[in-house]
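**Student:** Structure in structure tokens, see below.
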Amino acid sequence: MTTTTTPERSTAGPGPAATTAPRGRDGAGLLRIGLHLLLAALPLLAISAHVFGLIKMQYSAGILVIPLATAIVAMTVLSPHGGDRVVASGMWWGIVGCAIYDGFRLTTVHLFHWWADFIPTMGTWITGNDDDLVSGAVVGYLWRYIGDGGGIGITFFALACALGMQRWSRGAVVGAAVAFSVFPVWAGLVGTVAIAPRGQTMMFPITWVTLTLSLIGHLIFGFVMGLGFHRSRAVRSAWPWKPITGELPALGTGRQPAVPGPRAPHTPPSGQSMDPDTWELWRQQLEANTAARRGHRVRVR
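Quick note, my numbering runs 324 ahead of the 1-based positions in the sequence shown.
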């Protein structure tokens with residue numbers, strides 16, 4: 325008699341969970357991330373371009389930034405992608421970091437009067453009305469928080485996931501975020517102000533006070549952004565590609581944590597989360613106690 329065998333089928337089903345291949349490894353996914361990064365960079369680049377006299381922010385905002393942002397938001401809503409969660413989280417933590425940074429900056433501006441607040445003036449570059457500082461402040465701070473802070477957060481989160489920082493320790497991630505906030509972000513700001521012919525007139529003068537205060541603000545921003553990335557554990561797993569640096573050891577240890585094996589249907593709920601070694605010891609002890617009780621009952625009878 326002959327027996328035939330059939331290939332063993334996976335019980336996981338045909339859905340996304342049935343495959344272990346990285347999700348989204350395709351040109352369309354990479355293009356989406358590229359568009360997100362382009363949009364993240366444009367708000368800061370638009371400021372530099374305006375200060376250098378290349379293109380006014382009123383034009384770059386209306387022609388480039390706002391249309392591209394509208395298209396990307398529509399694409400994200402209508403056709404979600406795994407990488408969008410990382411982008412959204414990076415934008416959120418960038419806004420939070422910018423708000424905490426401004427808590428320090430605005431104190432030095434309005435309480436100690438150590439330097440001026442150029443954000444309302446920057447807002448008038450977008451509105452085109454130099455005399456209306458109220459609307460300039462509204463537009464300028466929206467641009468600062470969503471465009472500048474959110475854009476930097478998106479860029480750092482994407483870079484961190486691409487380099488595998490989701491497996492780094494908290495101190496290493498925070499250090500990398502602070503370094504990124506200093507260079508290229510703070511260095512780019514200071515370079516724009518120092519090199520542009522009207523940079524110090526349009527933004528702020530270069531003195532040891534303004535350099536120190538702006539640097540402290542960016543250190544605060546990077547610290548918050550690094551903590552945000554380290555805390556975003558659920559979002560880190562949504563990055564659809566392996567790190568370009570290759571697989572890294574698990575966070576904090578050199579080996580992966582033990583994964584509980586499958587349990588029988590009668591396994592009590594408390595045993596479902598045990599690691600295999602603990603489960604086996606518990607089962608052996610339970611069987612030994614049961615056998616002892618049975619032997620005691622036989623002797624009594």
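Don't be surprised by glycine CBs; every beta carbon is placed ideally from N, CA and C.
Fair warning: this is a prediction, and the values are worked out from it, not measured in the lab.
To the nearest angstrom, how far is it from the Cα of Ala345 to the Cα of Pro564?
**Tutor:** Caution applies to Ala345, whose pLDDT of 39 falls short of 50 and renders its modelled position unreliable; the model cannot decide the point.
**Student:** For a minimum of 4 consecutive residues, which ranges assigned as the alpha helix (DSSP H) are wholly contained in the stretch 344-404?
**Tutor:** As far as the stretch 344-404 is concerned, its whole alpha helix (DSSP H) runs of at least 4 residues are 351-375, 381-384 and 390-402.
**Student:** With a cut-off of 8 Å on the beta carbons, I'd call Phe376 and Ala440 a contact; round off their distance for me.
**Tutor:** At roughly 21 Å, the Cβ-Cβ gap does not stay under 8 Å, so Phe376 and Ala440 are not in contact.
**Student:** Mark Ile357 as exposed unless 16 or more other C-beta atoms lie within 10 angstroms of its C-beta, in which case mark it buried.
**Tutor:** Its Cβ being crowded by 16 or more others within 10 Å, Ile357 is buried.
**Student:** To the nearest angstrom, how far is the alpha carbon of Thr451 from that of Thr569?
**Tutor:** Approximately 44 Å between the Cα atoms of the pair.
**Student:** Rounded to whole angstroms, how far is the Cβ of Ala520 from the Cβ of Ile530, which I believe are closer than 8 Å?
**Tutor:** Ala520 to Ile530, Cβ: 11 Å. No contact.
**Student:** Does the stretch 475-494 come close enough to the stretch 371-385 that 3 or more CB-CB pairs lie under 8 Å?
**Tutor:** The answer is no - the stretch 475-494 does not touch the stretch 371-385, with fewer than three Cβ pairs under 8 Å.
**Student:** Within the same chain, show all residues whose beta-carbon is closer than 6 Å to that of His434, passing over the 5 residues directly before and after it, in chain order.
**Tutor:** Once the five neighbours on either side are set aside, His434 has no close Cβ partner at all.
**Student:** For Pro508, name the three-state secondary structure that DSSP assigns.
**Tutor:** Pro508 falls in the helix class under three-state DSSP.
**Student:** Within this structure, are the beta carbons of Met549 and Trp416 separated by less than 7 Å?
**Tutor:** Against a cut-off of 7 Å, the Cβ pair of Trp416 and Met549 comes out as no contact.
**Student:** Just checking, does the stretch 398-417 make contact with the stretch 454-469 on the three C-beta pairs under 8 Å criterion?
**Tutor:** The answer is no - the stretch 454-469 does not touch the stretch 398-417, with fewer than three Cβ pairs under 8 Å.
**Student:** Taking just the CA atoms, how far does His405 sit from Arg429?
**Tutor:** Going from the Cα of Arg429 to the Cα of His405 covers about 36 Å.
**Student:** Give the secondary structure of Phe528 by DSSP, where H, G and I count as helix, E and B as strand, and everything else as coil.
**Tutor:** Reduced to three states, the DSSP call for Phe528 is coil.
**Student:** Taking DSSP as the reference, what is the three-state secondary structure of Arg429?
**Tutor:** Correct three-state label for Arg429: helix.
**Student:** Where do the ends of the alpha helix (DSSP H) carrying Gly447 lie?
**Tutor:** From DSSP, the alpha helix (DSSP H) with Gly447 extends over Ile443 to Thr451.
**Student:** Below 8 Å on the Cβ atoms is my guess for Gly407 versus Gly353; work out the distance and round it to an integer in Å.
**Tutor:** With 8 Å as the limit, Gly407 and Gly353 qualify as a contact, their Cβ atoms being about 6 Å apart.
**Student:** By alpha-carbon positions, which one of Phe480, Ser372, Gln524 and Arg522 ends up nearest to Gly546?
**Tutor:** That would be Phe480, whose Cα lies nearest to the Cα of Gly546.
**Student:** Do you know offhand how far Gly495's Cα is from Tyr425's?
**Tutor:** Each residue's Cα considered, the two are about 20 Å apart.
**Student:** Quick one: Cα of Val458 to Cα of Pro444, how far?
**Tutor:** Near 7 Å, if we compare the C-alpha coordinates of Pro444 and Val458.
**Student:** When you compare only the Cα positions, how much space is there between Leu361 and Gly474?
**Tutor:** Their Cα atoms are separated by approximately 11 Å.
**Student:** Give the single residue among Leu363, Pro367 and Asn613 whose Cα lies nearest to the Cα of Tyr465.
**Tutor:** It is Pro367 whose Cα lies nearest to the Cα of Tyr465.
**Student:** Please list, in chain order, all residues of the same chain as Asp484 whose beta carbon is under 6 Å from its beta carbon, the five residues on each side excluded.
**Tutor:** Here the sequence assigns Ala to residue 484, which means Asp is not the residue at that position. Closer than 6 Å at Cβ, skipping near neighbours: Phe553.
**Student:** Return the first residue and the last residue of the alpha helix (DSSP H) that Leu483 is part of.
**Tutor:** Per DSSP, Leu483 belongs to the alpha helix (DSSP H) from Gly474 to Ala486.
**Student:** Could you give the first and the last residue of the continuous alpha helix (DSSP H) run that contains Ala461?
**Tutor:** Unbroken alpha helix (DSSP H) run through Ala461: Leu457 to Leu466.
**Student:** Got a sec, what are the start and stop residues for the alpha helix (DSSP H) Arg557 sits in?
**Tutor:** It spans Arg557 to Arg560 - the alpha helix (DSSP H) in which Arg557 sits, taken as one unbroken run.
**Student:** Helix, strand or coil for Phe436 per DSSP?
**Tutor:** Note: Phe436 maps to coil in three-state DSSP.
**Student:** Check whether the stretch 533-543 and the stretch 501-517 touch, using three or more Cβ-Cβ pairs below 8 Å as the test.
**Tutor:** Cβ pair count under 8 Å is three or more, so yes.
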